[in-house]
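J.: I am attaching a structure below and will ask some questions about it afterwards.
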Amino acid sequence: MTEAARFVIEHIGFLDPKGEPLQDLPSDLDLDALVECYRAMVRLRRFDAKAVALQRTGRLGTYAVSLGQEAIPIGVASAMRAEDVLVPSYRDSGALAWRGVGLHELLLYWGGDERGSDFAQSRQDFPFSIPVASHCLHAVGVSYAIKLRREPKVAVCMIGDGATSNGAFYEAINCAGVLNVPVVFVISNNQWAISVPRSAQTAAETLAQKAIAAGMPGVQVDGNDLIAVRQATSEAIERARNGGGPSLIEALTYRLSDHTTADDASRYRAADMVEAAQAEEPMTRLRAFLTASGHWDNKMEQDLVEAIDREVDEAVERYLAVPVESATAMFDHLHAKLPLALKNQREAAASETSGDHSDG
Amino acid sequence: MADTTLIGAVNLALARAMEEDERVLVLGEDVGVNGGVFRATEGLHQRFGADRVIDTPLAELAIGGVAVGMAAAGLRPVAEIQFMGFIYPTIDQMLSHASRLRNRTRGRLTCPMVLRAPFGGGIHAPEHHSESTEALFAQIPGLRVVVPSTPKRAYGLLLAAIRDPDPVVFLEPKRLYRAFKQMVKDDGKALELDRCFVLREGHDLTMVTWGAMTQETLEAADKLHQEGVSAEVIDVATLKPLDMPTILASVEKTGRCVIVHEAARICGVGAEIAASLASDGLLSLLAPIQRVTGYDTVMPLPRLEACYLPSVDRILAAARQVMDFS
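Protein chains in written order, with my numbering: chain G, 2 to 361; chain V, 140 to 465.
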């Protein structure tokens, strides 16, 4: 017997849960950039809390928070350039927000209005994908277009651990590998696909090793370590930008929240599991690290929280002030031009709506 | 201008579209070096290169989904599914993404893609190669479903589909791929989508059909003519959105309607046409609408497929039933 191939999956982590370095930090570590990331993580956590409060009081639809996972959307988005293309899943509000999508736009979408996905900034980014893994293929198509046009851009696709069980994920990484396109897949492995634990999702030791079958580099990082997420994503993105092809990153984290506001995780997991994970969450360690290095203090924290709460309140006001669209909007954006066959239905919807108005 | 088969016309339209717009590319299984199993993409790989004529892995969901991403990123992908029997994984992409991307981003991102596939029976193909399941796509809001029935219409409608700013499912009746030739002028002129074509004018009876069934329907119309019955034959061509005004105007003139399609009857596109005629043209009708369709059974393997497909005799029987109604 001869050996046909051999593979190793590396795990990258720089900070322990207390914020102490586990190894030499990257030589090009930009502490100011880390401060910006920390600010964005605080912003995401407080925005999420407000979104849940709005949902609980009937002013927002179902919403998926990032509690405990903030280092991943922020670490990934902060490693991208503005001209790169983000193809997010439904839990990646934080990544879109980093890229300039307004908090009021995010609320508008989760509040049930398509206009929330008509981003004013980052207009090439995809809207949230609700069906898991299906958007992995879009990222391959986008990156193919990038490659064909010889643009120095990269597509970044974010998914959860559950999505790696889906056929679309496998077809996407396989196509990305064989087409050698500039795309980076990031798995936020938060250990839970609603109620199904990671152990019931796959018998593989890591999700990162799925990259091997697709012929691309795969790496596992501590997803609660912002430095590790940024480092791995930057490497993968720059490799892709320089023609080195696709990569897969598995970022290990833990979903401290329910799956969404429509879920009750206490039905399927014990509180002590969550408590153990709480000790490893990403914000504490980054704040400790930045404080120890003299880049953060309590006053800055207090000022930041006040500024964010003002910003979030303004976003909520702006969102709640958006009038409901006319019923005809569902027709007006379906095709570039309204087909004649839909004209009667559009008129019916318009007249029914105007009738409602006169009643009310 | 040259005598061209339907598959030749598809090839001409693809080449023309790729020539005039560098955003247009084709992708699918065996479409590159091999030129496609039916030869739809013959010569394109040599002419336009492997970057624009892409041999994909054997993964239909990927073909659909990658095309969605390409289209959203500004390309004009024409994706080929080798046979309609393998198209079903793409329904997730067409329904969940392609058809709704414009709407869900309020026009910020769009999906100008074409999903091509050969469909229908009658060529003694293996299992899963002969179904007509166009109604599955016709039910999806935001999609166009287009079926050509001659080389000229294949050329003009495919060009229109590729140039359309929204997703189009383009289903090619493979029984007609090489059934006959027509003079097709490769002039880059598209035909209008969302319009029926009146293939033959008549005043006693309207026969509504599409795809390969236009052949049997026209033959039936010829026989009816010999019996003194003047049948109007309409090729629906765009199944979604439906050009009901043309069909209604014809039925208002003739008072009788027979709908012919290969697909199974229940919830077929013929049911929608019949329902629209019943609600908007009832007072013009002199006889109940008849449908001549595939049965609501699994499409049989080749030895029985002729029993499944609507025959000229079945169409004639329905026409006579409609004519004899009093």
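Just so it is clear, CB atoms sit at the ideal spot from N, CA and C, and this is done for glycine as well.
At least one CB of chain G closer than 9 Å to the CB of H184/V: is that the case?
T.: no
J.: Any idea what DSSP makes of D360/G, helix, strand or coil?
T.: Low confidence applies to D360/G: its pLDDT is 42, below 50, so where it sits in the model is not reliable enough to give any reading.
J.: Since W99/G sits in a beta bridge, which residues does DSSP pair it with?
T.: Bridge partners of W99/G: none, in fact.
J.: Taking only beta-carbon atoms, is S389/V less than 9 Å away from chain G?
T.: It does not; no Cβ of chain G falls within 9 Å.
J.: Spell out the partners DSSP gives C158/G in its beta bridges.
T.: V88/G, F186/G
J.: With burial defined as no fewer than 16 other Cβ atoms inside 10 Å of the residue's Cβ, what is the status of V225/G: buried or exposed?
T.: Strictly speaking, residue 225/G in this sequence is Asn, with Val absent from that position. Label assigned to N225/G: buried.
J.: Just verifying my parser: in three-state terms, what is the DSSP assignment at L332/V?
T.: coil
J.: Indicate the three-state DSSP secondary structure (helix, strand or coil) for G142/G in the structure shown.
T.: helix
J.: CA-CA distance, T385/V and E411/V?
T.: Roughly 15 Å between the two C-alpha positions.
J.: Between L339/G and the rest of its own chain, which residues show a CB-CB distance below 8 Å, the 5 nearest in sequence each way excluded?
T.: F332, D333, R347
J.: Assuming S39/G and L291/G are in contact, meaning their beta carbons sit under 8 Å apart, how far apart are those beta carbons, in whole angstroms?
T.: Note that residue 39/G is Tyr in the sequence shown, not Ser. That belief holds up - the Cβ atoms of Y39/G and L291/G are roughly 6 Å apart, short of 8 Å.
J.: Whose CA, out of Q122/G, R124/G, S130/G, lies closest to the CA of W111/G?
T.: S130/G
J.: Report buried or exposed for H342/V, applying the criterion of at least 16 other Cβ atoms within 10 angstroms of its Cβ.
T.: exposed
J.: If you draw a straight line from the alpha carbon of R459/V to that of A370/V, how long is it in whole angstroms?
T.: 11 Å
J.: Determine, using beta carbons only, whether S271/V and H400/V come nearer to each other than 9 Å.
T.: yes
J.: Compute the distance between the beta-carbons of C250/V and P196/V, then report whether it is under 9 Å.
T.: Contact: no.
J.: Short of 9 Å Cβ to Cβ, which residues in the segment 221-237 of chain V face chain G?
T.: P228, D231, Q232, S235, H236
J.: Alpha carbon to alpha carbon, what distance is there between K324/V and I193/V?
T.: 27 Å
J.: Under a three-way DSSP split, which group does G433/V fall into?
T.: strand
J.: Would the beta-carbon of V451/V fall within 9 Å of that of I428/V?
T.: no
J.: With distances taken between CB atoms, is the gap from A252/G to M217/G smaller than 9 Å?
T.: no
J.: Just tell me which of I213/G, A121/G, Q232/G has its CA closest to the CA of V222/G.
T.: When the alpha-carbon of V222/G is set against those of I213/G, A121/G, Q232/G, the nearest one is in Q232/G.
J.: Do P183/G and I147/G have their C-beta atoms within less than 9 Å of each other?
T.: Yes, these two residues count as a Cβ contact at 9 Å.
J.: Pull out every residue of the segment 174-199 of chain V whose Cβ sits closer than 8 Å to any Cβ of chain G, in chain order.
T.: Under the 8 Å Cβ criterion, the segment 174-199 of chain V contributes D190, R191, I193, T195, P196, A198.
J.: In the DSSP assignment, find the unbroken beta strand (DSSP E) run with K362/G in it and report its ends.
T.: Examination of residue 362/G is not possible in this model, given that chain G is present from 2 through 361 alone.
J.: Restricting to Cα atoms, I'd like to know which of I454/V, G407/V, G188/V, D463/V is closest to N173/V.
T.: G188/V
J.: Using a C-beta cutoff of 9 Å, does A350/G count as contacting chain V?
T.: no
J.: Whole angstroms are fine: how far does the CA of P441/V sit from the CA of E273/V?
T.: 20 Å
J.: What residues in the segment 243-267 of chain V have a beta carbon less than 8 Å from any beta carbon of chain G?
T.: R243, T244, R245, G246, R247, L248, T249
J.: Under 8 Å, with one C-beta from each stretch per pair, do the segment 71-83 of chain G and the segment 41-50 of chain G reach the 3-pair mark?
T.: Note that the segment 71-83 of chain G touches the segment 41-50 of chain G; at least 3 beta-carbon pairs, one per stretch, sit closer than 8 Å.
J.: Could you pull the DSSP bridge partners for K379/V from this structure?
T.: Residue pairing by DSSP places K379/V opposite V284/V in a beta bridge.
J.: Could you spell out the range, first to last residue, of the alpha helix (DSSP H) harbouring H364/V?
T.: Start and end: 352-365.
J.: For the beta strand (DSSP E) that contains L164/V, what are its first and last residues?
T.: 163-167
J.: Which value, in whole angstroms, describes the spacing of the CA atoms of Y294/V and S415/V?
T.: 30 Å
J.: Drop a sphere of 10 angstroms on the beta-carbon of D33/G, count the other beta-carbons inside from all chains shown, and report buried for 16 or more, exposed for fewer.
T.: exposed
J.: How is E251/G classed by DSSP in three states: helix, strand or coil?
T.: strand
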